[in-house]
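The listed protein sequences derive, respectively, from chains A and B.
Number 268 in the working numbering belongs to position 268 of the first sequence; there are no gaps in the numbering.
Adding 1000 to a residue's 1-based position in the second sequence gives its number in the working numbering.
Note that the Cβ used here is the ideal one computed from N, Cα and C, for glycine as well.
There are 2 protein chains.
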Amino acid sequence: MSETKHPIQIVSRRTGLSPDVIRAWERRYKAVKPNRGANGRRLYTDNDIKKLMLLQRITRGGRRISDIAKLNLNSLEDLIESDQSATFVQTSLANRPSTGSVMEYFDGSIEAIRDLDASKLISLFKIAHQELGAVFLLEDLFSPLIQHVRDECRIGTLRQTQEKFVVELMKSFLLINSSNTKKQIKNKVLITAPISQNDNLNMLRLCLVCEDSDWMPIYIGSSISADEILFSYEQSKCSLIILVVDPNENSQFLPNELRKIRSLIKDNEILIYGDSIYYYQDVVKETGMSSINNIGELRLALNRAKNLIDFRPIILHAKSENN
Amino acid sequence: MSETKHPIQIVSRRTGLSPDVIRAWERRYKAVKPNRGANGRRLYTDNDIKKLMLLQRITRGGRRISDIAKLNLNSLEDLIESDQSATFVQTSLANRPSTGSVMEYFDGSIEAIRDLDASKLISLFKIAHQELGAVFLLEDLFSPLIQHVRDECRIGTLRQTQEKFVVELMKSFLLINSSNTKKQIKNKVLITAPISQNDNLNMLRLCLVCEDSDWMPIYIGSSISADEILFSYEQSKCSLIILVVDPNENSQFLPNELRKIRSLIKDNEILIYGDSIYYYQDVVKETGMSSINNIGELRLALNRAKNLIDFRPIILHAKSENN
DNA sequence: ATTATCTAGACAAAAAATAGACAGATACCT
DNA sequence: AGGTATCTGTCTATTTTTTGTCTAGATAAT
Chain A
1 MSETKHPIQI VSRRTGLSPD VIRAWERRYK AVKPNRGANG RRLYTDNDIK
51 KLMLLQRITR GGRRISDIAK LNLNSLEDLI ESDQSATFVQ TSLANRPSTG
101 SVMEYFDGSI EAIRDLDASK LISLFKIAHQ ELGAVFLLED LFSPLIQHVR
151 DECRIGTLRQ TQEKFVVELM KSFLLINSSN TKKQIKNKVL ITAPISQNDN
201 LNMLRLCLVC EDSDWMPIYI GSSISADEIL FSYEQSKCSL IILVVDPNEN
251 SQFLPNELRK IRSLIKDNEI LIYGDSIYYY QDVVKETGMS SINNIGELRL
301 ALNRAKNLID FRPIILHAKS ENN
Chain B
1001 MSETKHPIQI VSRRTGLSPD VIRAWERRYK AVKPNRGANG RRLYTDNDIK
1051 KLMLLQRITR GGRRISDIAK LNLNSLEDLI ESDQSATFVQ TSLANRPSTG
1101 SVMEYFDGSI EAIRDLDASK LISLFKIAHQ ELGAVFLLED LFSPLIQHVR
1151 DECRIGTLRQ TQEKFVVELM KSFLLINSSN TKKQIKNKVL ITAPISQNDN
1201 LNMLRLCLVC EDSDWMPIYI GSSISADEIL FSYEQSKCSL IILVVDPNEN
1251 SQFLPNELRK IRSLIKDNEI LIYGDSIYYY QDVVKETGMS SINNIGELRL
1301 ALNRAKNLID FRPIILHAKS ENN
């Protein structure tokens, strides 16, 4: 099958080696011996390419090309494997003394945000997370930080990009590091936002609170249509739904969307969380959802729901079986 | 059946090749042998057009026309396939020793995605990350996984929510865990996408490659306006910019946006990365940016740029001081 | 008359080859 | 440590080949 011969350009692109290097390796170490076409141009086989790719990787790992150029494919693959496993041993996490207060994290974060230095910011977050735990990380560091960045943005000291940057990182950090709890959680809660809603950071905050209240949050992101919400709710066997609404977005469709959701999910409690849900009071009442204005109310509602479910654990998903 | 014959003008329009080129390819390499009408004009069949389109794509991809002109349709399709897939899989080897465990991660991930179980998926990712390292995690697990999920989505076995779910988690995971290198990296590269572009996962993939080539990626997300890009570029003292473009999005504004960026950032090299930048060839050439088609090319460009910078380290940010 | 197409040849940019040089690392040897 | 030698990726200069484009003159179509 390897009838196809490749010109040096293609080899270069596939291997990431410059044509100069490829020729040098041939000239100096006979790493590959491509045949020539009638016109003197090199024509490489698939095996040549494979070998060059291996060589490229191994040399980037620190070996000298002269030592390995003459090896055959199998030896090279063995080599790459042993090199690979050797690097694993190296990367062990250093023990970090728990220094510093939240204030230091804050200042360090600001600096990292100013420089758009993601790795610095993340390592700060990691340390803070270890020291403070998820909830306090959010309340004591993230919240004031995002507040501060938004203020600075408004007066022009920081840029929109920097706000996006930090929000994105916080979001990802929470998403990846929030679910570290080892404790057994049985009750699941679906956290999402209907179509045209986008405040992901806030939603992740709710995830944390839920986890803190012994609920297992199922977070499926925002801008989710009614039937996707239904599907996720049934699929993950949640016993509660929290919809996050954000009045800043253009939300003329929200009332209708809420009605659609309710028509699909009839039996269960649905909480609506948002800073200013009073705009939608009427629809909320009409659809029989419970509006939640702040974290305290959320905690109360979560506990109430938990007791309710513990009381009648079986009935909840009766509906999903009719499908 | 295929009685319809096409004049050269039509062929030119359909293939994107100039009539001159089409004739030259026939004269020099007998790429196609159109019959002539009574008047001596060339009349091309649908198959001719198909072949010319394939030839066009392959030559754009770096092969020489003289090498491929005489191949038949099937060989050409194989070739385009292998070149294409080479850009995707690229670094992954056919038989890696860890295939067994990767397979387990894969199956476990599918299950977690089905259940929308974020914590399970993340802990799988974490283990895989430790075992494979960032690059192989992406190439051997994430790429096939996302491919599979998208396929399942298309045939309806998985839902849109589940695709969003896994993409979001992968994105966050990469963002948080990619920058773990301890090595000293001096050169920074800004990775972003202009307004109305959104393929974040791909961008994070580029971040990994950059890191692998000893560049420090500054990732500021997508849909960034020209002046925000300028700001980030100066603020973080990058010496290189990579713009990721995604032709799927509605991108009628892209050419103008590129011009705007170039007008703000005159002196430095700007790379454009995307699967099909051909569409924008003209603007790319006009703005003097370098188009990058695949990871191999990116590696080359990064190395070249690094050498360029090492050679003249001071001149680079002279411009930002005139402000 | 204008436009499109054809042939044949010419041209310049790009790509590839060879040989040699150079400079930053790395290794080796006092 | 310090000096020397080697390694190695890149670059230069020059030649040859490839290849897209252009020109000019002729012919046919609209």
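**Message:** Within the continuous beta strand (DSSP E) that includes serine 1291/B, where are the two ends?
**Reply:** 1290-1292
**Message:** For a contact defined as C-beta to C-beta under 7 Å, what are the partners of phenylalanine 1173/B on chain A?
**Reply:** Ile176
**Asked** Taking only beta-carbon atoms, is aspartate 115/A less than 8 Å away from chain B?
**Response** yes
**Message:** Any C-beta of chain B within less than 7 Å: which residues of the stretch 140-169 of chain A qualify?
**Reply:** Arg159, Gln160, Thr161, Lys164, Phe165, Glu168 and Leu169
**Asked** Under 9 Å Cβ-Cβ, which residues of chain A neighbour serine 1236/B?
**Response** Near serine 1236/B (Cβ distances below 9 Å), the residues of chain A are Asp115, Leu116 and Asp117.
**Prompt:** Where DSSP assigns a beta bridge to arginine 1262/B, which residues make up the other side?
**Reply:** Paired residues: none, contrary to the question.
**Request:** Determine which residues share a DSSP beta bridge with leucine 1240/B and list them.
**Result:** For leucine 1240/B, which the question treats as bridged, DSSP gives the partners Val1189/B.
**Prompt:** Using the beta-carbon of each residue, which ones in chain A are nearer than 7 Å to serine 1232/B?
**Reply:** Leu116 and Thr161
**Item:** Cβ-Cβ distance between isoleucine 295/A and alanine 301/A below 8 Å
**Value:** no
**Asked** Which whole-angstrom value is the C-beta distance of lysine 171/A and leucine 141/A, which I expect to be below 8 Å?
**Response** The pair is not a contact, with the Cβ atoms about 14 Å apart (cut-off 8 Å).
**Item:** Touching by the beta-carbon criterion (3+ pairs, under 8 Å), the stretch 1100-1119 of chain B and the stretch 203-221 of chain A
**Value:** Yes, the stretch 1100-1119 of chain B touches the stretch 203-221 of chain A.
**Asked** Using a C-beta to C-beta distance shorter than 8 Å, which residues of chain A count as neighbours of arginine 1299/B?
**Response** Gly16
**Request:** Please classify aspartate 1151/B: is it buried, with 16 or more other beta-carbons within 10 angstroms of its beta-carbon, or exposed?
**Result:** Burial call: exposed.
**Prompt:** Would the stretch 1143-1162 of chain B and the stretch 159-166 of chain A be scored as touching if the rule is three or more Cβ pairs under 8 Å?
**Reply:** Cβ pair count under 8 Å is below three, so no.
**Request:** Assign valine 1158/B to one of three DSSP states: helix, strand, or coil.
**Result:** Note that residue 1158/B is leucine in the sequence shown here, rather than valine. Of the three classes helix, strand and coil, the one that applies to leucine 1158/B here is coil, per DSSP.
**Prompt:** So does the stretch 50-68 of chain A actually touch the stretch 1076-1085 of chain B, counting three or more Cβ pairs closer than 8 Å?
**Reply:** no
**Item:** Terminal residues of the alpha helix (DSSP H) in which proline 19/A lies
**Value:** Taken as a continuous stretch (DSSP letters only), the alpha helix (DSSP H) holding proline 19/A covers 19-29.
**Message:** Check whether chain A comes within 8 Å of asparagine 1307/B, counting only Cβ atoms and requiring the distance to be less than that.
**Reply:** no
**Message:** According to DSSP, simplified to helix, strand and coil, what is proline 1194/B?
**Reply:** strand
**Request:** Would you mind giving the Cβ-Cβ distance between serine 109/A and leucine 124/A, rounded to the nearest angstrom? I have them listed as a contact below 8 Å.
**Result:** 6 Å between Cβ atoms; contact.
**Request:** Verify whether the separation of the beta carbon atoms of serine 1222/B and leucine 1190/B is less than 8 Å.
**Result:** It is not a contact, given that the beta carbons lie outside the stated cut-off.
**Request:** Look up isoleucine 146/A in the DSSP assignment and say whether it is helix, strand or coil.
**Result:** helix
**Request:** May I ask you to list, following chain order, the residues of the stretch 1205-1221 of chain B that have a beta carbon less than 7 Å from some beta carbon of chain A?
**Result:** Ile1218, Tyr1219, Ile1220 and Gly1221
**Item:** 9 Å Cβ cut-off: residues of chain A touching asparagine 1294/B
**Value:** Within chain A, the residues placing a beta-carbon under 9 Å from that of asparagine 1294/B are Arg13 and Arg14, ordered along the chain.
**Request:** Express the C-alpha separation of phenylalanine 253/A and lysine 260/A in angstroms, rounding to a whole number.
**Result:** 11 Å
**Request:** Would you identify the three-state DSSP class for proline 217/A, choosing helix, strand or coil?
**Result:** strand
**Item:** 8 Å Cβ cut-off: residues of chain B touching glutamate 228/A
**Value:** Arg1159, Gln1160 and Thr1161
**Message:** Please confirm whether aspartate 1246/B has its beta-carbon closer than 8 Å to some beta-carbon of chain A.
**Reply:** no
**Prompt:** What does leucine 1271/B pair with, by DSSP beta-bridge criteria?
**Reply:** Ile1242/B and Ser1290/B
**Prompt:** Going by the beta-carbon positions, is the gap between isoleucine 1229/B and threonine 1287/B smaller than 8 Å?
**Reply:** No, the Cβ-Cβ distance between isoleucine 1229/B and threonine 1287/B is not below 8 Å.
**Request:** Please go through the same chain and pick out, in chain order, the residues whose beta-carbon is closer than 6 Å to the beta-carbon of methionine 289/A, but skip the five residues on each side of it.
**Result:** By the criterion of a C-beta distance shorter than 6 Å, methionine 289/A is surrounded in its chain by Ile270 and Ile272, once the five residues flanking it on both sides are discounted.
**Message:** Could you check whether alanine 1128/B and serine 1178/B sit closer than 8 Å to each other, using their CB atoms as the reference points?
**Reply:** no
**Rounded separation between asparagine 95/A and valine 166/A - CA only** = Its pLDDT being 31, under 50, asparagine 95/A is placed unreliably in this model, and the coordinates cannot settle the point.
**Prompt:** Any Cβ of chain B within less than 8 Å of the Cβ of isoleucine 122/A?
**Reply:** yes
**Message:** Is there a Cβ of chain B sitting closer than 8 Å to that of isoleucine 272/A, yes or no?
**Reply:** no
**Request:** Taking valine 1011/B as part of the alpha helix (DSSP H), name the residues at either end of that continuous run.
**Result:** Residues 1008-1015.
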